[in-house]
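For reference, the structure discussed in these notes is given below.
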Amino acid sequence: GAAVLTRSGSVFAASNVENAAYGSTICAEQMAIGKANASGARDIVAIAISTRSDDQEKNEITSDPCGTCRQAIYEMAQVSECNIEVIMSDKNKRNVIVKSIEQLLPYAFGPSQLHIDVVKGNL
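Position in the sequence shown (from 1) plus 79 gives the number in my numbering.
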């Protein structure tokens, strides 16, 4: 699952939606961002990600966002004018890694590279 934190302290949590056609699967990160955005909260400052598995060994591995989610987080960082903090943990929160989205997606390409002002809502 994932949860985003806004500058005002609101939290929007979500889980992923699995589909048999993998391309239709929606990651928890995108769901949480979408949930916040749908309620008008566009000032995200952090996102926390954690997964669980039936395989006990996998429960010790931190959850990193996929490439598509990294892009979604990066673009929301431009909207919120904040280098969003990405908090990744294992199921039991024994292993926690905190990185900024710019660290996870260096040399990123997004709306600002196209001179689109997302803060004004032109995205």
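Ideal Cβ positions, reconstructed from N, Cα and C, are used throughout, including at glycine.
So residue 156 is in the alpha helix (DSSP H); what residue range does that whole segment cover? It spans 146 to 159 - the alpha helix (DSSP H) in which residue 156 sits, taken as one unbroken run.
So the candidates are 111, 96, 112, 113; which of them puts its Cα closest to the Cα of residue 105? The alpha carbon of residue 105 has as its nearest neighbour, out of 111, 96, 112, 113, the alpha carbon of 96.
Cβ contact check for the segment 169 to 189 and the segment 139 to 155: 3 or more pairs under 8 Å: Because the criterion of three Cβ pairs below 8 Å is met, the segment 169 to 189 and the segment 139 to 155 touch.
Could you tell me which residues DSSP puts in a beta bridge with residue 127? Under DSSP, residue 127 takes part in a beta bridge, and its partners are 82, 166.
Whole runs of the alpha helix (DSSP H) within the segment 81 to 116, excluding any shorter than 4 residues: Listed in chain order, there is nothing to give.
Classify residue 196 as buried or exposed, calling it buried when 16 or more other Cβ atoms lie within 10 Å of its own Cβ. Per the 10 Å Cβ criterion, exposed.
Residues that residue 177 bridges to, as DSSP identifies them: Beta-bridge annotation (DSSP): residue 177 is paired with 166.
Alpha carbon to alpha carbon, how far is residue 156 from residue 162? Give it in angstroms, no decimals. Going by the C-alpha atoms only, they are around 6 Å apart.
Could you pull out every residue in the same chain whose Cβ sits closer than 7 Å to the Cβ of residue 178, ignoring the five residues on either side in sequence? Here the set comprises 165.
Coarse secondary structure for residue 193, derived from DSSP in three states: Under the three-state reduction of DSSP, residue 193 is assigned to helix.
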